[in-house]
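Take the sequence shown: its position 3, counting from 1, is numbered 3 in full-length UniProt numbering, and each next residue is one higher.
Single-structure report; data block below.
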Amino acid sequence: MAVRLAARRRVGGDRRAARSPRGFESLRVDVTLGASTWRTSIFPGGDGRYTMPVKRAVYEKEGVDEGDTARVSIRLLDVG
């Protein structure tokens, strides 16, 4: 099973300031979920929202499962 998080809010403002998008128009980010922080990429969907993969070790540690709602902090990297 894989857990993917989908942003409920659209990524705006700072996204436009991000330097050259990476493959698949992904954006590099630092993410915090509970006590876990890691660096990954978020990927745009057709509806203006972004998704990101969550490693098994993280979602198991934080008690997140497929279909759950979780609060995360996302900080865009490579901005400016």
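From the three backbone atoms N, C-alpha and C, an ideal C-beta is built for every residue, glycine too.
Note that this is a predicted model, so its numbers are computed, not measured.
Starting from the C-beta of residue i, find all residues in its chain whose C-beta is less than 6 Å away, skip the five residues before and the five after it, and write them out in chain order.
i	result
Gly-30	Looking at the sequence provided, one finds Asp at residue 30 rather than Gly. Within the same chain, Asp-30 has close Cβ partners Arg-39, Arg-75.
Ser-20	In this predicted model, Ser-20 has a pLDDT of only 48, less than 50, meaning its place in the structure is not dependable enough to derive any value.
Counting only the same chain and skipping the five closest in sequence on each side, list residues whose C-beta sits under 7 Å from that of residue i.
i	result
Val-72	Leu-5, Val-31, Thr-32, Leu-33
Between which two residues does the alpha helix (DSSP H) holding residue i run?
i	result
Arg-28	Segment 27–33 is the beta strand (DSSP E) holding Arg-28; no alpha helix (DSSP H) there.
Could you check where the beta strand (DSSP E) with residue i kicks off and where it finishes?
i	result
Arg-75	72–76
Arg-39	36–44
Val-54	50–54
Can the beta-carbon of residue i be found closer than 8 Å to that of residue j?
i	j	result
Ser-41	Leu-27	yes
Return the Cβ separation of residue i and residue j in integer angstroms, given the expectation that the two are a contact with Cβ distance under 8 Å.
i	j	result
Val-64	Ala-70	5 Å
Using only the alpha-carbon positions, how far apart do residue i and residue j sit?
i	j	result
Asp-78	Glu-25	13 Å
Pro-53	Glu-62	14 Å
Asp-68	Lys-55	15 Å
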